[in-house]
Amino acid sequence: MTARPTPTLLAVLAHPDDEAFSIGGTLTHYARRGVRVVLACATRGEAGKITVPGMTVDDLGAQREQELREACRALEIPEPVFLDFHDSGRYERTRHDDPLALMNLDPLAIETRVKAVMDDVQPDVVITFDPHGGYGHIDHLKVHRATVAAFFSSGHLPDGGPQRLYYTAMTTEAAQGLSRMGQDLDPMLYGVSEGTIAVRMAVGAYAANKTAALAAHGTQMGETSILGRMTAEERAQLEERMLGWESFSLGGTRVPVPHLPLRGLFDGVRGGEGLDD
3 MTARPTPTLL
13 AVLAHPDDEA
23 FSIGGTLTHY
33 ARRGVRVVLA
43 CATRGEAGKI
53 TVPGMTVDDL
63 GAQREQELRE
73 ACRALEIPEP
83 VFLDFHDSGR
93 YERTRHDDPL
103 ALMNLDPLAI
113 ETRVKAVMDD
123 VQPDVVITFD
133 PHGGYGHIDH
143 LKVHRATVAA
153 FFSSGHLPDG
163 GPQRLYYTAM
173 TTEAAQGLSR
183 MGQDLDPMLY
193 GVSEGTIAVR
203 MAVGAYAANK
213 TAALAAHGTQ
223 MGETSILGRM
233 TAEERAQLEE
243 RMLGWESFSL
253 GGTRVPVPHL
263 PLRGLFDGVR
273 GGEGLDD
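Once you know that position 16 of the sequence shown is 18 in our numbering, the rest is easy, because the numbers rise by one and skip nothing.
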């Protein structure tokens, strides 16, 4: 008898720490349910901003790579797969002249790399950024576009490609909350309606994992970071949302959708029976 393949979840993100904010609890949840979880990170965050006053790092990419490995351990998932592109940076750190920075790459080059990972991993479910890249970061937008394109072109792979594609999703209410905390987000642009949410994962049971994963990204979580600059009340409000629930919209599917909202990412996915009961 042929062994039943292990259900597999692939998350394709841009930078170390992207996983901890938006999907960390979901990754831990499915890892504990026996799902093979693969995190593909497009860059090593080479152009990130060190938010700990006085801290100096000789090789920020290497440092952030190690931070992501520690975060993955906190989330109880395997070590990440790196696509070996470069962080584009933002503001004064923007790398206009780096040929490997995501912002300077042909989208097809990124798609080809993502599709190769899909061919190797053969995931049932794929997660990536929403069409606005969470908050509009160019690297998030590039990874979104490449992953969506790879999902649709992967139907020609020998295994038929992933069955479902999901986007991280922030409701309009959540975006309004961030806007009130000083973030430059238009809630009607970056948030989605409740009816757009396909899956809402209750992840409060994994709050300790998610908190530890965030803490692992030490260069990015210092007192001058967005989190570090929040008042105690603002941070409590953010953590209540971020540590309790993670939401996803549906980007594509090759199998029927039994109902909306879905009970979980594997609801109706072949080979995922029982995972979302």
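Even glycine gets a Cβ: it sits at the ideal position worked out from N, Cα and C.
Computed from a prediction, not measured in an experiment: that's the story for all the values here.
Residues near residue i by beta carbon distance below 7 Å, same chain, minus five either side
i    : result
R95  : A49, K51
T4   : Because the pLDDT at T4 is just 45, under 50, the model does not fix this residue reliably, and the value given afterwards should be weighed accordingly. Closer than 7 Å at the Cβ level, and outside the excluded window around T4, lies no residue.
A217 : M223
E280 : Residue 280 lies beyond the residue range present for the chain, which begins at 3 and ends at 279; the question has no answer from this structure.
V271 : D126, V127, Q165, R166, V257
H134 : L191, Y192
E81  : R71, C74
Y208 : G27, T30, H31
R66  : P18, R46, G47, G50, T221
A176 : G193, R243
H219 : P18, D19, A22, E69, A73
T198 : A171, S251
Paired residues, beta bridge with residue i - DSSP
i    : result
A39  : Looking at the sequence itself, residue 39 is Val, so the reference to Ala does not match. According to DSSP, V39 bridges with L11.
L252 : Y168
M244 : According to DSSP, M244 bridges with nothing at all.
F84  : C43
Extent of the continuous beta strand (DSSP E) run through residue i
i    : result
Y168 : 166-171
T130 : 127-130
V194 : Premise fails: V194 is in no beta strand (DSSP E) and is neither H nor E.
Cutoff 6 Å; reference residue i; Cβ partners in own chain excluding five residues on either side
i    : result
V37  : P9, L11
L77  : G26, L29, T30, N211, A215
R97  : A49, S90, G91, A103
R147 : P109
Under 7 Å between C-beta atoms of residue i and residue j
i    : j    : result
L277 : F268 : yes
A16  : D122 : no
F87  : C43  : no
L13  : I129 : Reading off the sequence, residue 13 comes out as Ala, not Leu. In contact: A13 and I129 (Cβ atoms closer than 7 Å).
D99  : Q124 : no
T233 : T53  : no
Residues near residue i by beta carbon distance below 8 Å, same chain, minus five either side
i    : result
G273 : R6, P7, P9, D126
V194 : D132, A171, M172, T173, T174, S251
L245 : G27, V205, G206, A209, K212, T213
Where the alpha helix (DSSP H) containing residue i begins and where it ends
i    : result
R75  : 62-76
V150 : 140-155
R34  : 26-34
(request) Count the C-beta pairs between the stretch 16-32 and the stretch 54-61 that are closer than 8 Å, then say yes if the count reaches three, no if not. (result) The count of Cβ pairs closer than 8 Å, one atom from the stretch 16-32 and one from the stretch 54-61, stays below three, leaving the stretches out of contact.
(message) I want to know whether the stretch 195-211 touches the stretch 162-182 - three or more CB-CB distances under 8 Å.
(response) Three or more Cβ pairs closer than 8 Å define a contact, and the stretch 195-211 meets that threshold against the stretch 162-182.
(request) Answer yes if the stretch 117-136 comes into contact with the stretch 147-163, meaning at least three C-beta pairs across the two stretches below 8 Å, and no otherwise. (result) Below 8 Å, enough C-beta pairs join the stretch 147-163 and the stretch 117-136 to call them touching: three or more.
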